[in-house]
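Below: the structure, in C-alpha cells.
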Amino acid sequence: MSSPTGKSSSSTSKAAARAQQAAREKAAARKKKNIAVVAGVVAVAAILGVASYTASKPGKPSTATAEKSSGSGSGSGDSAGSPREGVYPELAALARRDAKDPLAQGKADAPVVMIEYADFKCGFCGKFARDTEPDLVKKYVEDGTLRIEWRNFPIFGEDSERAARGAWAAGRQGKFWQFHEAAYADGAKEKGFGDGRLKELAREAGVGDVERFARDAGSDAARAAVKKDQEEGYKLGATSTPSFIVNGQPIAGAQPDAVFEQAIDAAKAEAGKGKKK
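Our numbering numbers the first residue of the sequence shown as 62 and each following residue consecutively.
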C-alpha cells in the first residue's frame with residue numbers, strides 16, 4: 062500500500078517529466094523553424110554553385126537559370142498571374158537598400174534590387190560589366206525600376222583581394238563605379254592589381270586624393286568590408302563569379318541580356334502586385 066508521501070513524489074516526477082517533454086518539443090519546433098529558414102538559403106547552392114560552374118560560357122545559360130528567370134519556364138515572362146518560381150525570401154532580405162552605400166546605384170526604394178557578387182579578376186564579370194550592365198543601367202536604373210548593389214567576392218587570390226579593397230577605397234571618395242569601369246576595361250585585369258596599378262586605376266577613375274585612396278585600400282576597414290561581402294557569398298553557396306540575386310531569385314553566370322531583363326520585369330510585376338493589395 063502506497064504512502065501519501067509516495068503518491069506526492071510520483072505526481073511531482075510525472076509533472077517534471079511532462080514539463081521536460083514540453084520543453085523538448087518547444088526546442089524541437091524552434092530548431093525545425095531555423096532549419097527551414099536555413100534550408101531556403103542552402104537550397105540555392107545548387108544554383109549559385111553548380112549552375113555557375115556549368116554556365117561557364119556567356120550566351121549559353123543553363124536550363125535551370127533560363128527557365129527560372131522567366132518565372133514560368135516558358136520564356137513569356139507572364140509571372141504577374143502567379144508567384145515567381147525559384148524565388149527565395151531569405152535572399153531578397155539580403156538587399157541592404159542603404160541610400161548612402163557608395164557601392165550601389167539606383168534608388169534605395171526601387172522595386173527591384175539586383176545584388177551582384179563579382180571579382181575584378183574574373184573575365185566573365187568583365188564581360189557582364191562591359192556588355193550587359195550598361196544596358197541594364199540605361200533601361201532600368203535610370204527610370205527608377207532597378208537598384209544594383211555590388212558585393213566584393215574575390216576568389217582568385219591576393220590580386221583579387223587588392224582590387225576589391227581598391228574598389229572599396231574608391232567608393233570612399235564617391236568613385237566606386239568609375240573605378241569599376243576602369244578595372245573592367247578590356248585588358249585591365251591582364252595588367253594585374255598591384256599597389257602601383259591600383260593608383261593608376263584610381264587616377265583614371267578620377268579619385269581626388271590618391272594617397273588617401275592608397276591608405277584606405279590598405280586599411281583594416283577595407284579588409285573587414287571585403288570579408289563581410291565575401292563571407293555572405295560563400296554562405297549562399299556561390300562558388301563562381303559572377304553570381305546575382307534579383308529580388309530573391311538567383312542567377313548564375315554572365316547570362317545574355319534577356320535573362321536579366323526577364324528576371325527584372327517579373328520582379329517588377331510581382332512588386333507591383335504587392336502594392337495593389
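Here a beta-carbon is modelled for each residue, glycine too, at the ideal position from N, C-alpha and C.
Asked                                                                                                                                                               : Found
Hey, quick one: how far does the alpha helix (DSSP H) through F274 stretch, first residue to last?                                                                  : V271 to A278
Per DSSP, which residues does P311 bridge with? Please list them.                                                                                                   : I306
Of the residues E151, E203, R276 and V202, which one's Cα is nearest the Cα of W344?                                                                                : Residue 344 lies beyond the residue range present for the chain, which begins at 62 and ends at 338; the question has no answer from this structure.
What span of residues does the alpha helix (DSSP H) with E265 cover, start to end?                                                                                  : D256 to E265
Under 7 angstroms, do Q332 and P172 count as touching if we go by C-beta distance?                                                                                  : In the sequence as presented, Gln is not what sits at residue 332; that position holds Ala. Yes, these two residues count as a Cβ contact at 7 angstroms.
Can we say the segment 292 to 299 touches the segment 265 to 280, given the rule of at least three CB pairs closer than 8 angstroms?                                : no
Could you give the DSSP three-state label for L207: helix, strand or coil?                                                                                          : strand
Can the beta-carbon of C183 be found less than 7 angstroms from the beta-carbon of T300?                                                                            : no
Take R191 and list the residues in its own chain whose beta-carbon comes closer than 8 angstroms to its own, dropping the five residues that flank it on each side. : Y245, A246 and D247
What residue from A285, A153, R158 and D220 has the CA that sits closest to K339's CA?                                                                              : Nothing can be reported for residue 339, as the shown portion of the chain is limited to 62 through 338.
Tell me, which residues are paired with V198 by DSSP?                                                                                                               : Paired residues: none, contrary to the question.
Indicate the three-state DSSP secondary structure (helix, strand or coil) for A228 in the structure shown.                                                          : helix
Helix or strand or just coil, what does DSSP make of E146?                                                                                                          : coil
Check whether the segment 317 to 331 and the segment 195 to 205 touch, using three or more Cβ-Cβ pairs below 8 angstroms as the test.                               : yes
Judging by CA-CA distance, which residue of L164, A249, T193 and A313 is the nearest neighbour of R226?                                                             : L164
Relative to the C-alpha of I209, which candidate in D270, T193 and K288 has its C-alpha closest?                                                                    : T193
Distance, Cα to Cα, A249 vs G335?                                                                                                                                   : 43 angstroms
Could you check where the beta strand (DSSP E) with V174 kicks off and where it finishes?                                                                           : V173 to A179
Under a Cβ-count criterion, where at least 16 other Cβ atoms within 10 Å of its own Cβ denotes burial, should P311 be classed as buried or exposed?                 : buried
So, is R264 buried or exposed, given that buried needs 16 or more other C-beta atoms within 10 angstroms?                                                           : exposed
Quick check on this structure: which residue in A330, Q316 and K329 has the alpha carbon closest to the alpha carbon of G187?                                       : Q316
Below 6 angstroms CB to CB, which residues in the same chain sit around V148 once its five sequence neighbours on both sides are set aside?                         : G309 and Q310
To the nearest whole angstrom, what separates the beta carbons of V268 and A231, a pair I think is in contact under 8 angstroms?                                    : 6 angstroms
CB-CB under 7 angstroms to G205, same chain, minus the five flanking residues each way: which ones, in chain order?                                                 : K168 and A171
In this structure, what does DSSP give as the bridge partners for A165?                                                                                             : E210
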